[in-house]
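Just so we're aligned, residue 1 is where the sequence shown starts under my numbering, counting upward by one. Heads up: the structure comes next, in structure tokens.
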Amino acid sequence: MSVSLQVLYPVAEGTQFDHDYYTATHIPLVGEHMGAHIESTSISKGLAGGPDVPAGFYVVATMVFASMENLQAALEVAGPVLADIPNFTNSEVQMLIGEIIA
């Protein structure tokens, strides 16, 4: 059973997000520490929440894993990745672990 880990960075009053740092430094850090366990990754930069609605998230990152065991192995080595988050945002990060159903 494939599983996903989505990391969501919500937009809220008083928050900021450095997209350049995220792209140039954080994403390669994810690959360095967690990449061996990840099947695929997609990163979506928020543009809008609908017609004439501002985006509710700066970024949503989705990583797909072959199994829950692979996800758990990635999380075990994710310390440096998690420690890096304050370097590019003060947004309160949300995570969703899900079963891929389609």
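All C-beta atoms, glycine included, are put in the ideal place defined by N, C-alpha and C.
{"query": "Cβ pair count under 8 Å reaching 3, the segment 8 to 18 against the segment 48 to 63", "result": "yes"}
{"query": "Delimiting residues of the alpha helix (DSSP H) encompassing Ala-73", "result": "68 to 76"}
{"query": "Residue interval of the alpha helix (DSSP H) (run including Val-11)", "result": "It is not in any alpha helix (DSSP H) - Val-11 carries neither H nor E in the DSSP assignment."}
{"query": "Met-1 - DSSP class collapsed to helix/strand/coil", "result": "coil"}
{"query": "Cβ distance (whole Å) where Phe-65 is taken to contact Asp-18 below 8 Å", "result": "Incorrect: roughly 27 Å between the Cβ atoms, too far for contact."}
{"query": "Whole alpha helix (DSSP H) elements within the segment 20 to 94, 4-residue minimum", "result": "27 to 34, 68 to 76, 79 to 84"}
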